[in-house]
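Report on one structure; see the data block that follows.
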Amino acid sequence: MVAPSIPFQDSECKVKILVAVDDSPHSEAAIQVVLCRDWPPDSSLKVVCVVEGADPIGPGPHKERARLRELVQRESIEAGERLVKDVAERLAPRFGEGNVCFEVLSGYPKEMIVDAATEWGADLIVVGSHGRRGLARFILGSVSQTVLLHGPCSTLIVRLSHPEITDLDMRLRHILVPIDDSDHSRDALDWVKALPFTDKTCIKLLTILPPLVDKYSNGIDALYAQNFPSKLARKKDAAKQLLAQAAESLSRRAKLGNVTFEVRQGDPAEEILKVAAEWPSGLIVMGSHGHSHMARLWLGSVSQEVVLQAPCPVEVVRNFERGE
């Protein structure tokens, strides 16, 4: 097995953060998270705003409509330029004047953000989410979901959970990291190891064991499972050993004293969300299985379900150095 790489472990390597903004409160929530997060030294940041083309409403001669279309587009671009410049000025003191740039793009936001991240070589895309639920779960039209599915790097998705954000810097230091024995979880853990921490940072490692029988199993399956409690005990012991090793490694590398771990059993997404609410978590960092082809159309993965319902920002780590 190829050893996982550790992003940003070289202090001379910059973290490149692409922040996609608009004039919505969801975008403002994402900006606040960027301002309050602890980032590696020498991080660089690019603020982008995507302006969509729009036709003027109403009938009229072709030349007149073309003129109005050009006027509307120019005004939209000017508004976008004012927005990204304002955001860049707010973020510059946090990252340094020379480490912040901005750009206005024209096109479809979900496509242009992914393209911009690819061309710039971003390590992380930060985007606000409207937190749609219900039938919208099955629609991949939202910008945040498209970036999550098709983005070339890790994605931090911020949902607006409260009208006012208070003590955000403190809450972001409570980090929940769901892991298992997969390479994707190792990538997420390595990502966390590379982040800067303070003595107030608390990290909880979490492993979810699947139930021996699910809700669709029949009575015979349930009776069979109850006769083998040792099977569950062995799984719990293995999970605890995995978490203990991960906690020791994280504590040693990040020099953290407040790293705890927990083993739960049940539906992975449901249990992660329960722990995130109960602990409570200010940030969830988890791996992604790097969906491809038809699997991109399926919103049933754990990471996507957590993103849709989490009460806090979710950072989904993707490592393309494995060729995924």
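Sequential numbering of the sequence shown, starting at 442, is according to this note's numbering. Each residue gets a CB set at the ideal place from its N, CA and C atoms; glycine is no exception. Computed from a predicted structure; not experimentally measured.
Alpha carbon to alpha carbon, how far is residue j from residue i? Give it in angstroms, no decimals.
{"i": "H625", "j": "R759", "result": "7 Å"}
{"i": "A751", "j": "D622", "result": "23 Å"}
{"i": "F702", "j": "L684", "result": "6 Å"}
{"i": "S595", "j": "E711", "result": "22 Å"}
{"i": "V757", "j": "V568", "result": "12 Å"}
{"i": "R694", "j": "D479", "result": "16 Å"}
{"i": "Q708", "j": "E511", "result": "Per the sequence presented here, residue 708 reads as Asp, with Gln not at that position. Cα to Cα, the separation comes out at about 52 Å."}
{"i": "L749", "j": "S583", "result": "11 Å"}
{"i": "K487", "j": "C542", "result": "5 Å"}
{"i": "V555", "j": "K677", "result": "40 Å"}
{"i": "I458", "j": "P637", "result": "15 Å"}
{"i": "V462", "j": "G537", "result": "19 Å"}
{"i": "K715", "j": "V513", "result": "46 Å"}
{"i": "M727", "j": "D631", "result": "11 Å"}
{"i": "V475", "j": "R614", "result": "13 Å"}
{"i": "E516", "j": "E469", "result": "22 Å"}
{"i": "E544", "j": "E522", "result": "7 Å"}
{"i": "V747", "j": "A507", "result": "45 Å"}
{"i": "V456", "j": "A533", "result": "15 Å"}
{"i": "P652", "j": "R627", "result": "23 Å"}
{"i": "P481", "j": "E560", "result": "22 Å"}
{"i": "L509", "j": "V743", "result": "46 Å"}
Starting from the Cα of residue i, find the closest Cα among the options and give me that residue.
{"i": "E689", "options": "H615, K672, K634", "result": "K634"}
{"i": "D564", "options": "A718, L597, V743", "result": "L597"}
{"i": "P550", "options": "E511, Q586, I620", "result": "Q586"}
{"i": "A674", "options": "S722, Q514, Q706, W632", "result": "Q706"}
{"i": "T639", "options": "V491, A461, D483, R612", "result": "R612"}
{"i": "L646", "options": "C477, E530, I725", "result": "I725"}
{"i": "E681", "options": "P754, V704, K672, L691", "result": "Note that residue 681 is Lys in the sequence shown, not Glu. The shortest Cα separation from K681 among P754, V704, K672, L691 belongs to V704."}
{"i": "L691", "options": "A629, D610, R523, A558", "result": "A629"}
{"i": "I713", "options": "P619, V755, Q686", "result": "P619"}
{"i": "K526", "options": "V489, G548, M553, V456", "result": "V489"}
{"i": "G562", "options": "G592, I616, A679, S547", "result": "G592"}
{"i": "G698", "options": "K641, A717, S671", "result": "K641"}
{"i": "A558", "options": "D483, V460, V492, S465", "result": "V460"}
{"i": "W720", "options": "T648, L617, V747", "result": "L617"}
{"i": "R535", "options": "D483, E505, A507", "result": "D483"}
{"i": "E493", "options": "E552, L650, Q745", "result": "E552"}
{"i": "R531", "options": "C477, E560, P481", "result": "C477"}
{"i": "A717", "options": "P651, V755, I518, K672", "result": "V755"}
{"i": "Q745", "options": "E519, L590, I518, A679", "result": "L590"}
{"i": "A520", "options": "V491, N540, E505, L509", "result": "V491"}
For residue i, which beta-bridge partners are listed by DSSP?
{"i": "E756", "result": "L597, V726"}
{"i": "A461", "result": "V489"}
{"i": "I566", "result": "L459, T596"}
{"i": "L546", "result": "V491"}
{"i": "R384", "result": "In the structure displayed, the chain extends from 442 to 765; residue 384 sits before or after that span and is not available."}
{"i": "V525", "result": "Beta-bridge pairing links V525 to no other residue."}
{"i": "V541", "result": "L486"}
{"i": "V743", "result": "V743 is not bridged to any residue."}
{"i": "V700", "result": "I644"}
My assumption, with CB atoms under 8 Å, is that residue i sits in contact with residue j. Please give the rounded CB distance.
{"i": "V528", "j": "I472", "result": "6 Å"}
{"i": "S722", "j": "C753", "result": "5 Å"}
{"i": "H467", "j": "S570", "result": "6 Å"}
{"i": "L644", "j": "V700", "result": "Note on residue identity: the sequence assigns Ile, not Leu, to residue 644. At roughly 5 Å, the Cβ-Cβ gap stays under 8 Å, so I644 and V700 are in contact."}
{"i": "D464", "j": "L524", "result": "6 Å"}
Complete runs of the beta strand (DSSP E) confined to the region 603-650 [at least 3 residues]:
615-619, 643-650
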